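As structure tokens, the structure follows; a few thoughts come after it.
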RNA sequence: CGGGGCGUAGCUCAGCCUGGUAGAGUACUUGUAUGGGGUGCAAGGGGUCGUGGGUUCAAGUCCCGCCGCCCCGACCA
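Numbering (the numbering used here), first residue to last: 150 to 654.
Next up, the structure:
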């Protein structure tokens with residue numbers, strides 16, 4: 150089976166095809182929710198493990214807060230509730246009763262419970278109990294959890310009603326410290342994106358109208374998908390004293406005076422997997438960067454000569470054992486022998502669709518030559534798709550090969566990003582003409598493509614309406630501001646702020 | 001919540017106009033010939049045709065109600 154749609158013919162359908170073909174996830178019978186299948190969940194587990202280490206290295210500890218949050222908690226921070234009110238799942242009853250043969254909700258709760266869309270409010274409430282003195286600060290915690298946002302138009306991995314994420318929450322003595330925390334964690338995320346997921350990003354700060362509801366500053370990194378759209382992959386917020394005031398997180402400072410703490414929060418979700426797909430997958434299916442691949446090397450024994458099945462199995466096992474002792478990226482290799490009772494060629498294509506970085510086939514011919522047949526996923530469409538490599542030479546080079554694949558994947562994506570951030574659009578007319586085109590696969594040459602535009606923004610109120618009209622968003626104000634004065638791309642007025650304009654998911 | 005479309009095998013769909021034994025491709029099982037770039041041939045298993053009612057000797061097909069899903073809008077840290 151090849152994908153029904155390609156990136157060129159139908160990009161959104163192609164995305165769905167990849168997920169199905171790679172057996173990463175499927176839509177559940179429960180509307181708007183997804184079933185994450187082993188290969189997709191395996192990638193999430195890799196992300197979890199790598200990020201969890203970084204979270205702990207930066208001084209945070211894991212803990213767990215309740216799924217249900219009393220409705221009243223959301224009344225405490227006005228902006229916050231406004232940001233989430235339209236997508237909350239509300240629990241109003243505690244049991245079912247049989248009435249006229251129908252099961253109907255009964256036992257109405259005194260106070261409705263919200264299924265957490267995010268946990269700032271309930272965690273702030275605990276922080277208020279935990280923090281009495283400046284000696285109790287900072288509090289630095291993280292939780293791995295599921296959250297629910299009742300999205301109207303779900304898209305698998307990108308926008309589902311329930312998704313998995315981590316949310317870090319911290320409390321500090323000063324707003325400056327909260328600010329530093331937010332920036333530190335943005336750097337952790339960028340490290341994850343670039344060095345683990347091989348996704349280059351543009352970091353920056355969100356403009357005021359795109360901030361997290363209730364935040365002082367929201368930091369973000371914005372990768373570019375293969376159709377030139379941006380995907381908000383992770384954010385980090387300096388919440389200032391807003392949530393502390395709402396939840397009454399107060400402490401006595403060194404002078405003995407009561408002061409409100411400053412808080413920060415940060416999160417990334419399973420949406421990263423959507424970003425991974427749209428950054429790396431091709432028309433043959435998924436391509437997983439070696440660092441996050443649940444299995445990095447797949448060994449497929451060839452059984453065409455039935456008299457040699459045992460010998461081939463033994464040969465495959467020998468290769469497996471040898472590879473398991475090798476390392477890449479400072480970890481032992483993850484290798485699997487696929488000896489399921491399926492045709493070898495079917496297994497080979499299955500792992501191709503799943504995007505395993507290296508697929509090895511071993512058969513009687515290889516045993517004689519003491520070699521293996523190697524194929525790297527990122528070169529699947531090249532002419533020299535297969536390579537016979539000496540057994541020992543392959544074992545010795547396996548780690549380095551995976552590291553080279555990781556690097557090449559990152560460079561490919563970086564090249565694409567750099568080639569599609571346009572800085573030569575300087576007038577509102579040129580801006581409108583550019584975004585009049587649709588977002589399509591960036592490698593198409595038959596139609597205009599659309600990427601990011603980096604240009605000036607005056608920040609005036611009337612620009613927001615125009616953005617909405619054009620369905621363009623300001624992704625971020627990049628950290629590397631030029632400081633020059635130019636014309637706002639929306640109004641033509643003088644402006645000095647550089648921003649990234651793009652269509653987004 | 002407005003506009004449009006669709007519910008038939010695990011999946012993609014035909015059959016409906018013009019009522020008369022439930023179909024194809026694919027996937028799955030078995031056999032066979034194959035086998036290092038996606039096999040060929042043969043046989044087989046799998047369906048309350050979304051749901052409730054109506055018309056009829058007879059309903060997947062015609063009529064009415066309901067439910068669900070998809071697309072376009074609105075909405076979307």
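Just so it is clear, CB atoms sit at the ideal spot from N, CA and C, and this is done for glycine as well.
These numbers come from a predicted model, not from an experiment.
I believe residue 371 touches residue 362 by the beta-carbon criterion, under 8 Å. Please report the beta-carbon distance rounded to the nearest angstrom. Here residue 371 is taken as the residue at index 222 of the first chain, counted from 1. Here residue 362 is taken as the residue at index 213 of the first chain, counted from 1. Wrong, their Cβ atoms sit about 19 Å apart, outside the cutoff.
Tell me the DSSP secondary structure of residue 188 in three-state form. By one-based count along the first chain, residue 188 stands at place 39. Reduced to three states, the DSSP call for residue 188 is helix.
What is the DSSP secondary structure of residue 200, reduced to helix, strand or coil? In the first chain, residue 200 corresponds to position 51, counting from 1. Helix.
Would you say residue 299 and residue 238 are within 8 Å of each other, going by their C-beta atoms? Counting from 1 along the first chain, the entry for residue 299 is found at position 150. Counting from 1 along the first chain, the entry for residue 238 is found at position 89. Their beta carbons are under 8 Å apart, which means residue 299 touches residue 238 by this criterion.
Beta-carbon contacts of residue 528 that lie in its chain and below 7 Å, excluding the five residues immediately before and after: Your numbering for residue 528 matches position 379 in the first chain. Here the set comprises 534.
Alpha carbon to alpha carbon, how far is residue 408 from residue 154? Give it in angstroms, no decimals. For the purposes of this step, residue 154 is taken as the residue at position 5 of the first chain. For the purposes of this step, residue 408 is taken as the residue at position 259 of the first chain. Using only the alpha carbons, I get a separation of about 58 Å.
Name, in chain order, the residues that DSSP records as bridge partners for residue 601. Taking the first residue of the first chain as 1, we reach residue 601 at position 452. Answer is 570, bridged to residue 601.
Buried versus exposed, by CB contacts within 10 Å (16 or more), residue 647: As a position in the first chain, residue 647 is number 498, starting the count at 1. Residue 647 comes out buried.
Could you tell me the boundaries of the alpha helix (DSSP H) in which residue 326 lies? By one-based count along the first chain, residue 326 stands at place 177. Its alpha helix (DSSP H) spans residues 324-340.
I need the boundaries of the alpha helix (DSSP H) containing residue 165, first residue and last residue. Taking the first chain and counting its residues from 1, one reaches residue 165 at position 16. That run of the alpha helix (DSSP H) goes 160-170.
For residue 282, which option in 638, 400 and 345 has the closest C-alpha, if you only look at C-alpha atoms? As a position in the first chain, residue 282 is number 133, starting the count at 1. Out of 638, 400 and 345, 400 has the C-alpha closest to the C-alpha of residue 282.
Taking the alpha carbon of residue 453 as the point to measure from, which residue in 494, 397, 350 and 584 has its own alpha carbon closest? Walking along the first chain from the start, residue 453 turns up at place 304. Comparing Cα positions, the closest option is 494.
Own chain, CB closer than 8 Å to residue 233, minus 5 neighbours either side, in chain order: Here residue 233 refers to the residue found at position 84 when the first chain is read from its first residue. Once the five neighbours on either side are set aside, the close Cβ partners of residue 233 are 223, 266, 267, 298 and 362.
Could you tell me the distance, in whole angstroms, from the CA atom of residue 644 to the CA atom of residue 636? On the first chain, position 495 is the one that residue 644 refers to. On the first chain, position 487 is the one that residue 636 refers to. Straight-line Cα distance between these residues: approximately 6 Å.
According to DSSP, residues forming a beta bridge with residue 211: Numbered from its first residue, the first chain carries residue 211 at position 62. Residue 211 pairs with 291.
Where does residue 305 fall in DSSP's three states? On the first chain, position 156 is the one that residue 305 refers to. Coil.
Euclidean distance between Cα positions of residue 445 and residue 462: Within the first chain, residue 445 is the residue found at index 296, counting from 1. Within the first chain, residue 462 is the residue found at index 313, counting from 1. If I take the Cα positions, the gap works out to 20 Å.
I'd like the list of long-range same chain contacts for residue 204, defined as Cβ closer than 6 Å, with 5 residues on each side in sequence excluded. Against the first chain, residue 204 aligns to sequence position 55. Correct list, in chain order: 291.
Verify whether the separation of the beta carbon atoms of residue 601 and residue 347 is less than 8 Å. Your numbering for residue 601 matches position 452 in the first chain. Your numbering for residue 347 matches position 198 in the first chain. No, they are not a contact pair.
DSSP on residue 475, reduced to helix/strand/coil? On the first chain, residue 475 is found 326 positions in, with the first residue counted as 1. Residue 475: coil per DSSP, three-state reduction.
Can residue 624 and residue 585 be called in contact, C-beta distance under 8 Å? Locating residue 624 in the first chain gives position 475, counting from the first residue. Locating residue 585 in the first chain gives position 436, counting from the first residue. Cβ distance not < 8 Å, so residue 624 and residue 585 don't count as in contact.
Out of 277, 404, 242 and 255, point me to the one whose CA is closest to residue 261's CA. Stepping through the first chain from its first residue, residue 261 is reached at position 112. Comparing Cα positions, the closest option is 242.
If I measure Cβ to Cβ from residue 641 and keep anything under 8 Å in the same chain, skipping five residues before and after, which residues do I get? For this step, residue 641 is matched to residue 492 along the first chain. Correct list, in chain order: 576 and 577.
Give a yes or no on whether the C-beta atoms belonging to residue 410 and residue 321 are separated by under 8 Å. One-based indexing of the first chain puts residue 410 at position 261. One-based indexing of the first chain puts residue 321 at position 172. It is a contact, given that the beta carbons lie within the stated cut-off.
Contacts around residue 303, its chain only, beta-carbon distance under 7 Å, and the 5 residues preceding and following it disregarded: Sequence index remark: in the first chain, residue 303 carries index 154 (1-based). So the list reads 181, 309 and 310, once near-sequence residues are dropped.
Taking the CB atoms as reference points, tell me whether residue 562 and residue 352 lie closer together than 8 Å. As a working mapping, residue 562 is identified with position 413 in the first chain. As a working mapping, residue 352 is identified with position 203 in the first chain. Not a contact, by the Cβ cut-off of 8 Å.
Considering only the alpha carbon of each residue, which of 236, 416 and 296 lies closest to residue 330? The sequence position of residue 330 within the first chain is 181, counting from 1. For residue 330, the nearest C-alpha among the options comes from 416.
Would you kindly report the start and end of the unbroken beta strand (DSSP E) that includes residue 654? Looking up residue 654 in the first chain gives position 505. Segment: none, residue 654 is in no beta strand (DSSP E) and carries neither H nor E.
In the DSSP assignment, find the beta strand (DSSP E) that holds residue 386 and state where it starts and stops. Reading the first chain from its first residue, position 237 is the one you call residue 386. Its beta strand (DSSP E) spans residues 383-389.
Indicate whether residue 420 and residue 276 have their beta-carbon atoms separated by less than 8 Å. Your numbering for residue 420 matches position 271 in the first chain. Your numbering for residue 276 matches position 127 in the first chain. No, Cβ-Cβ distance for residue 420 and residue 276 is not below 8 Å.
Count the other CB atoms, across all protein chains shown, that sit within 10 Å of the CB of residue 474; report buried if there are 16 or more and exposed otherwise. For the purposes of this step, residue 474 is taken as the residue at position 325 of the first chain. Residue 474 comes out exposed.
According to DSSP, what are the bridge partners of residue 626? Position 477 of the first chain, counted from the start, is the residue given in the question as residue 626. Residue 626 is bridged to 354.
For residue 568, tell me which candidate among 375, 359 and 369 has the shortest Cα-Cα distance. Within the first chain, residue 568 is the residue found at index 419, counting from 1. Minimum Cα distance to residue 568 is reached at 375.
Option nearest residue 165 by Cα separation, candidates 423, 466, 228 and 440: Position 16 of the first chain, counted from the first residue, corresponds to residue 165. Among 423, 466, 228 and 440, the Cα nearest to that of residue 165 is on 423.
Does the distance from the CB of residue 510 to the CB of residue 451 come in under 8 Å? Taking the first residue of the first chain as 1, we reach residue 510 at position 361. Taking the first residue of the first chain as 1, we reach residue 451 at position 302. Cβ distance < 8 Å, so residue 510 and residue 451 count as in contact.
So, are the CB atoms of residue 566 and residue 604 less than 8 Å apart? Position 417 of the first chain, counting from 1, holds the residue named residue 566. Position 455 of the first chain, counting from 1, holds the residue named residue 604. No, the pair does not count as a contact, with Cβ atoms beyond the cut-off.
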